[in-house]
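To keep things clear, I will list the structure first and then write my remarks on it.
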Amino acid sequence: MEKQDGITLIEKVIDKDNLDRALIKVRKNKGAPGVDGLTVYQLEGHMKRYYPHLIRKLKDGSYQPQPVRRVSIPKPDGTKRLLGIPSVLDRVVQQAILQVIDPIIDPQLSDNSYGFRKGRNAHQAIQKAEQYYEEGYRVVVDCDLKSYFDTIHHQKLRANLEWFIQDKIVLKLIWKFLKSGILDKDSYIETDT
């Protein structure tokens, strides 16, 4: 089991301060309820009672994420964008994991990658493109991968995660989130892996 500073990653994930920070982050982001109907505001009272149970389930590997709730939102061109809304408790757990693994993985990523990274944004990407232009480069490629998160090859993702994370409980938990499925109205859809 991987340890940092003598502590396993799952112990860092379930640390009360880490879970509290995750709850604050999820509350700040607000968002719609998942399949259980629990709102961010209802979760706070629920968490105080649920912490010991949650910590035990996370530590022993028995935590089971709920399926995400599928919703469609209209796009400007008239088509629909499908979203998966996790339960707020699952969002707290995901955020707690992110807070622990991000400092391990992020430094390994390309300096030219700006999407979905803490402290990076589109404005910085534009500044970098302008810098390259000043250096004589004249081609910029902007690509948007259609349904990217729906088409990630889970086995390759898993292999890459295992390169950085050796804590089997954390890896198993991430895998459970990837396989938790989708609830679309009353139909359950398995997540491809």
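Read left to right, the sequence shown gives residues 0 to 192 (numbering that gives the first Met the number 0).
Note that the Cβ used here is the ideal one computed from N, Cα and C, for glycine as well.
Keep in mind that this is a model prediction, so the values were computed, not measured.
Of the residues the options, which one's Cα is nearest the Cα of residue i?
i, options, result
"Lys24", "Ile96, Ile125, Pro73, Ala124", "Ile96"
"Lys184", "Tyr62, Asp35, Arg68, Val12", "Arg68"
"Lys180", "Val140, Leu8, Gly33", "Note that residue 180 is Gly in the sequence shown, not Lys. The residue with the shortest Cα to Cα distance from Gly180 is Gly33."
"Gly269", "Ser61, Asp19, Asn28, Arg55", "Since the displayed the chain opens at 0 and closes at 192, residue 269 lies outside it and no answer follows."
"Asp143", "Gly114, Glu133, Asp110", "Gly114"
"Ser112", "Leu88, Gln93, Glu133, Val140", "Val140"
"Val91", "Asp191, Tyr187, Ile168, Lys15", "Lys15"
"Ile54", "Leu88, Tyr131, Gln130", "Leu88"
"Phe148", "Leu82, Gln65, Lys74", "Leu82"
"Gln63", "Ile173, Ser186, Tyr187", "Ile173"
"Pro66", "Val99, Ser86, Lys171", "Ser86"
From the DSSP output, in three-state form, read off residue i for me.
i, result
"Leu8", "helix"
"Ile100", "helix"
"Tyr187", "strand"
"Ile164", "coil"
"Ile151", "coil"
"Leu18", "helix"
"Ile181", "strand"
"Val140", "coil"
"Gly44", "helix"
"Tyr132", "helix"
"Pro75", "coil"
"Ala31", "coil"
"Ile13", "coil"
"Asp201", "The question about residue 201 has no answer, for the chain in this structure spans 0 to 192."
"Asp105", "helix"
"Tyr113", "coil"
"Lys145", "coil"
Have a look at the DSSP bridge pairing and note the partners of residue i.
i, result
"Gly83", "Arg69"
Report the rounded CA-to-CA distance for residue i versus residue j, giving the unit in angstroms.
i, j, result
"Gly135", "Ala128", "11 angstroms"
"Ile72", "Ile6", "42 angstroms"
"Lys178", "Glu189", "7 angstroms"
"Leu57", "Ile13", "7 angstroms"
"Phe204", "Glu133", "Residue 204 falls outside the range modelled here, since the chain spans only 0 to 192, and no answer is possible."
"Ile125", "Tyr131", "10 angstroms"
"Tyr49", "Ala31", "21 angstroms"
"Leu182", "Gln41", "21 angstroms"
"His152", "Tyr187", "21 angstroms"
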